[in-house]
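Student: The opening residue of the sequence shown carries number 0 in numbering that gives the first Met the number 0; numbering runs sequentially from there.
Take this structure first; my questions come after.
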Amino acid sequence: MTKTNLKECPLCGGGAKCESEYIPAVFKDGWYVKCNRCGLKTRMYHNEREAVIAWNMRYKMRQAGRVVAKQKAKAAEETAKNTKKEATAVATEV
Ligand SMILES: [Zn+2]
């Protein structure tokens, strides 16, 4: 197995490895990346490189999703704060 630059598992953060498996239906080896901890797997790819790229892409998308979720939470928090401020201002005026 060649040394590959695999990201950790997007689900559990565990270590992953690239493996191949013989697929009788196509008389070829299929490559996939599998998490050593939770067993998350990519689908089969024609070569190791594609499987690694797919896995790392999944990791990146997951990371990007986390950033967006964080920004959304922050925005919601700001809105809540502003609404509270407005409510307080109205209460003071009255
Ligand atoms: Zn995992």
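Just so you know, even glycine gets a beta-carbon here, dropped at the ideal spot from N, CA and C.
My output table needs one value for GLY94: the three-state DSSP class, helix, strand or coil.
Tutor: With the chain represented from 0 up to 93, any question about residue 94 goes unanswered, as that position is not in the structure.
Student: With DSSP as the reference, please indicate the residues paired to GLY14 in a beta bridge.
Tutor: Within the sequence shown, the letter at position 15 stands for residue 14. DSSP output for GLY14 lists no bridge partner at all.
Student: List the DSSP bridge partners of ILE22.
Tutor: The sequence position of residue 22 within the sequence shown is 23, counting from 1. Paired residues: LYS27.
Student: Whether or not the segment 62-76 and the segment 11-21 are in contact is what I'm after, with contact meaning three or more pairs of Cβ atoms, one per stretch, closer than 8 angstroms; do they touch?
Tutor: Flag = no, the segment 11-21 and the segment 62-76 do not touch.
Student: Where does CYS34 fall in DSSP's three states?
Tutor: Here residue 34 is taken as the residue at index 35 of the sequence shown, counted from 1. Strand at CYS34.
Student: For GLU47, which residues of its own chain have a beta-carbon under 6 angstroms away from its beta-carbon, when the five flanking residues on both sides are left out?
Tutor: What you label residue 47 is simply residue 48 of the sequence shown in a count that begins at 1. Only CYS17 and TRP30 meet the Cβ criterion.
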